[in-house]
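Under mature numbering (1 follows the signal peptide of the UniProt record, and there is no 0), the residues of the sequence shown are numbered -23 to -1, 1 to 367, in order. Each remark here refers to the structure printed beneath this line.
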Amino acid sequence: MKKITSLLLVIMLLITFEGDVFANEQHETQNIKNLIVNFFVDYENAFANNDQEFKLMNKYFTDNNETDMEVNKRIINTVLNRRILLATKHKLQEINKTQDFTFNTIEIRDDVAYVNVTIDKKFNYNVTPDIETLIRDTYDIVLEKNKNFKIRSIDGFICLLIESELEFLDLDINNVDNLNEYNTILEQEVNKMSVEDKEDTPYSRLEPLNVSNFVSVSSTYNREGAVAYARTHARNPNPKYFNFETIGGDCTNFVSQCLYEGGGISQHVGASHTDHNWFYISSGNRSSSWTSAHLLYNYLSSSNSRINAIQIPKLSLQIGDIIQFLPTHREWGHSVIVTGRAYHNEVGMDYLITQRSVSLERARVDMFLSQHDYVIGNLPTVYWGIYGNK
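In structure tokens:
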């Protein structure tokens, strides 16, 4: 009897211990979530208050001053600084803002935690209060525990445009002094920008285009349909298509879908994996121009193209048109679709763009082009007017 009683006592102690461990893990997990949510709330507050230094950032990070952590913090400052400079220049405010957090994974190993979180941000610009802008970003966060968990590093802030500008300037993203130099140049360049019409690049330095002839020749492009498709599927992928995020990015695949599925542009079927045609049957049977920004540019530029597209000045853009960012030092680039236009008395015309940046984890719906454009280096931006099938 004593043996049975002792055994039952041991079992009860084990259950109690395991319950305490589970409760402690749940408590730690909730603390980590709260820390991350509060960090991003304060980050957005810093943007709203033009706090370029993000004065509250240090309270969320561990106390050590290792170089890689200081670089990480300076990257966050750099992205924030760029947002503030451009929003101030164009007199744009983000109002009615909400952030929804999806914690995809939280893994705690001893005193280190690894978190993957997706943030869906919704807001209205002050100049388009009737249009809801949606932004999705996903971050990988490492936290360390001393007494409590604090942030060690965050990966996910940097974007293609900043990377391109840093490379144009031959600056190292992993060097604090280089990042400081980039911020100084950035401020100088933003102050020199004309908000009415940024100087055109060689790709778009064309005479104003009378598009009426193109529109009358073909009515095969459904602009509203392309825009509706873009807004629906930027964050909710069409299962008919493979997601190319792990092999170069999904931006041009997404734009091609908008033209075909929403806009009614006919596919140009032919040999796969070339830029001589434009089609998608499967991930293995498709043209390279369907998924590559640079090769879509080649296709639209060629006499072989069956899409009635022409490079136009920025101010001639309409909804459903395509914008491509093509860094001069690389063959790859980025493609987005115009989903709206807005005119602000103080700053002139601006365009709403929708995109899938690298993947579904970096999506933008109805974001102003002025907040997502090159500032440094006059890197080429191509504006494509789309007018249907040839």
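Quick reminder that beta carbons are idealized off the backbone N, C-alpha and C, glycines included.
Curious, which full-length alpha helix (DSSP H) runs of at least 4 residues does the region 25 to 85 contain?
Entirely contained in the region 25 to 85, the alpha helix (DSSP H) runs reaching 4 residues are, in chain order, 44 to 66.
Look at the alpha carbon of G362 and the alpha carbon of H4, and state the distance between them as a whole number of angstroms.
If you take the alpha carbons of G362 and H4, they lie about 55 Å apart.
Does N41 pass the burial test, meaning 16 or more other C-beta atoms within 10 Å, or should it be called exposed?
Label assigned to N41: exposed.
In the DSSP assignment, find the unbroken alpha helix (DSSP H) run with E166 in it and report its ends.
Run containing E166: 153 to 169, per the alpha helix (DSSP H) assignment.
Counting along the chain, where does the alpha helix (DSSP H) carrying L277 start and finish?
Residues 270 to 278.
Please name the residue in E30, Y102, D28, K74 whose C-alpha comes closest to that of D327.
Among E30, Y102, D28, K74, the Cα nearest to that of D327 belongs to Y102.
Can you tell me which residues form a DSSP beta bridge with E238?
E238 is not bridged to any residue.
Taking the beta strand (DSSP E) that I299 falls in, what are its first and last residues?
From DSSP, the beta strand (DSSP E) with I299 extends over 299 to 302.
Quick one: what does DSSP say Y360 is sitting in, helix, strand or coil?
Of the three classes helix, strand and coil, the one that applies to Y360 here is strand, per DSSP.
Are there 16 or more other CB atoms within 10 angstroms of the CB of Y360, so buried, or fewer, so exposed?
Burial call: buried.
Report the option in A207, N285, Q70, E140 whose CA atom is closest to the CA atom of G239.
Checked all of A207, N285, Q70, E140; the closest Cα to G239 is A207.
Taking only the alpha-carbon atoms, compute the straight-line gap between T358 and A286 and give it to the nearest angstrom.
Cα to Cα, the separation comes out at about 15 Å.
Measuring CB to CB, does A23 end up less than 7 Å from F31?
Yes, they are a contact pair.
Can you list, in chain order, the residues of its chain whose CB lies under 8 Å from that of A64, leaving out five sequence neighbours each side?
Contacts found: F24, Q70, E71, Q348.
Which partner residues of N93 appear in the DSSP bridge assignment?
Answer is T82, D117, bridged to N93.
Does A248 pass the burial test, meaning 16 or more other C-beta atoms within 10 Å, or should it be called exposed?
By the neighbour-count rule (16 or more Cβ atoms within 10 Å), A248 is not buried but exposed.
Quick one: grab the DSSP three-state call for P179.
In this prediction, P179 scores a pLDDT of 31, lower than 50, which makes its location untrustworthy; no coordinate-derived value is stated.
Once the 5 residues before and after R318 are set aside, which same chain residues still bring their CB inside 8 Å of it?
Same-chain partners within the cutoff: L294, Q295, I296, M326, D327, Y328, L329.
How many Å lie between I52 and N26 at the Cα?
Approximately 19 Å between the Cα atoms of the pair.
Around the Cβ of I258, are there at least 16 other Cβ atoms within 10 angstroms (buried) or fewer (exposed)?
By the 10 Å Cβ count, I258 comes out exposed.
Tell me whether I9 sits in a helix, a strand or coil according to DSSP, three-state version.
Note: I9 maps to helix in three-state DSSP.
Is DSSP giving K291 helix, strand or coil here?
Note: K291 maps to helix in three-state DSSP.
If distances are taken between C-alpha atoms only, which option among D343, I299, V56 comes closest to L138?
It is V56 whose Cα lies nearest to the Cα of L138.
Going by DSSP in three states, I314 sits in which element: helix, strand or coil?
Three-state DSSP puts I314 in a strand.
On the CB-based measure, 16 or more other CB atoms within 10 Å of its CB, does E140 come out buried or exposed?
Under this definition E140 is an exposed residue.
DSSP three-state label for F126, please.
In the structure shown, F126 sits in a strand (DSSP, three-state: E or B).
Would you mind sorting Y364 into buried or exposed? The rule is 16 or more other CB atoms within 10 Å of its CB.
With 16 or more other Cβ atoms within 10 Å, it is buried.
For S336, which residues in the same chain have their Cβ closer than 6 Å to its Cβ, ignoring the five residues on either side in sequence?
Per-residue confidence for S336 stands at a pLDDT of 49, beneath the threshold of 50, marking its modelled position as unreliable; no derived number is given.
Note down the Cα distance separating I353 from I162, rounded to an integer number of angstroms.
Between I353 and I162, the C-alpha separation is close to 8 Å.
Just the Cα atoms here: how many angstroms apart are I112 and N213?
For I112 and N213, the distance between alpha carbons rounds to 13 Å.
Excluding the five sequence neighbours on either side, which residues of its own chain have a C-beta within less than 7 Å of the C-beta of G241, listed in chain order?
These residues qualify, in order along the chain: T197, Y198, N199, G202.
Where does Y320 land, buried or exposed, given buried means 16+ other C-beta within 10 angstroms?
Label assigned to Y320: exposed.
Alpha carbon to alpha carbon, how far is Y237 from I135? Give it in angstroms, no decimals.
Spanning the two alpha carbons is a distance of roughly 31 Å.
Restricting to Cα atoms, I'd like to know which of D77, F145, S130, L277 is closest to V89.
That would be S130, whose Cα lies nearest to the Cα of V89.
Kindly indicate which three-state DSSP category N1 falls into: helix, strand or coil?
Helix, per DSSP.
Leaving aside the five residues before and after T44 along the sequence, list all residues of the same chain whose C-beta is less than 8 Å from its C-beta, in chain order.
So the list reads V153, once near-sequence residues are dropped.
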